[in-house]
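Numbering (this note's numbering), first residue to last: 19 to 311.
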């Protein structure tokens with residue numbers, strides 16, 4: 019056998035002994051690196067719920083979630099907290115209404131798939147009404163009601179018994195309206211934002227019962243005198259009740275706040291009498307006691 023052939027055999031033997039193990043080791047290392055790189059990628063299975071208004075809670079379910087992973091919504095990093103294994107929770111940030119991709123990232127080469135989260139309009143809230151009731155006869159200038167709450171906008175509308183009424187936007191926590199003329203009793207106020215989200219209905223009461231504040235003697239004539247009955251919610255057709263008996267004549271209606279009752283004295287000496295006002299719908303006022311002849 020020639021020297022050249024011996025040299026070739028020797029070289030092949032060296033390659034088998036030294037190079038092949040090195041190549042195999044490199045392949046194994048590279049495969050593990052690829053496997054580790056694949057394992058490093060976080061995965062998102064679901065977002066529950068998959069929509070919400072700003073500040074509402076969202077739970078993300080996935081795998082390969084560990085300390086150091088970053089949560090993004092659009093291009094913005096979002097703070098989060100671990101809840102259970104395979105789940106993290108976060109709050110919807112103050113984004114404009116729309117759909118935004120949510121994803122996880124360890125680094126530029128280690129990123130999850132993207133799942134869209136829909137940011138919905140903030141639901142408006144009514145917390146109080148000032149005042150929360152008025153009299154049926156309250157004049158227009160005094161029928162202003164302040165709605166206090168949250169998440170109002172310049173485009174927010176106010177519903178009175180499901181019908182839009184005029185309103186004035188003050189700020190995102192306050193709106194004023196003028197209550198329309200309506201029947202006495204319980205009514206409901208709501209606010210609705212441009213996207214269609216409505217607040218819960220808030221009760222508003224229109225008091226129809228008449229109220230007596232004061233009764234005084236007016237002009238004294240020969241054979242009779244005037245009794246001026248002052249109060250609220252007197253209607254056309256309202257009548258006084260004296261000691262429970264209806265007075266059907268000698269009554270002049272002077273508006274929601276005044277009735278004039280022409281009374282003939284029953285004796286020369288005054289005696290204490292009870293007087294009420296009854297409206298056409300049967301609602302009665304408080305009793306007022308007065309010593310008159």
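Built from N, CA and C at the ideal position, the CB exists for glycine as well.
Straight across, the Cα-Cα distance linking residue 152 with residue 227 is about 11 Å. Residue 192 sits close to residue 166, with the two beta carbons spaced by under 9 Å. One thing to note: residue 310 has its Cβ within 9 Å of the Cβ of residue 235.
Residue 64: member of the beta strand (DSSP E) spanning 61–66, first to last residue. By the neighbour-count criterion, in which a residue is buried when 16 or more other Cβ atoms sit within 10 angstroms of its Cβ, residue 181 is exposed.
In the three-state reduction of the DSSP assignment, residue 217 falls in the coil class, being assigned neither a helical nor a strand state. Within the model, the alpha-carbon separation for residue 200 versus residue 308 is close to 34 Å. Judged by DSSP in its simplified three-state form, residue 280 adopts strand. Rounded to the nearest whole angstrom, the CA to CA distance from residue 59 to residue 80 is 11 Å.
Using a Cβ-Cβ distance cut-off of 8 Å, the region 124–139 and the region 148–164 are not in contact, since fewer than three pairs of beta carbons, one from each stretch, lie closer than that value.
Here residue 202 has 154, 224 and 226 as same chain residues with Cβ atoms under 6 Å from its own Cβ, once five neighbours each way along the sequence are excluded.
The criterion of a C-beta distance shorter than 9 Å is satisfied by residue 295 and residue 257.
Rounded to whole angstroms, the Cβ separation of residue 65 and residue 78 is 6 Å, and the two are in contact under 8 Å. Within its own chain, the residues whose Cβ lies closer than 7 Å to the Cβ of residue 91, once the five positions on either side in sequence are excluded, are 111, 118, 120 and 135, listed in chain order. If you check the CB distance, residue 217 and residue 261 do not come in under 9 Å.
Under the DSSP assignment, residue 151 falls in the beta strand (DSSP E) whose first and last residues are 151–153.
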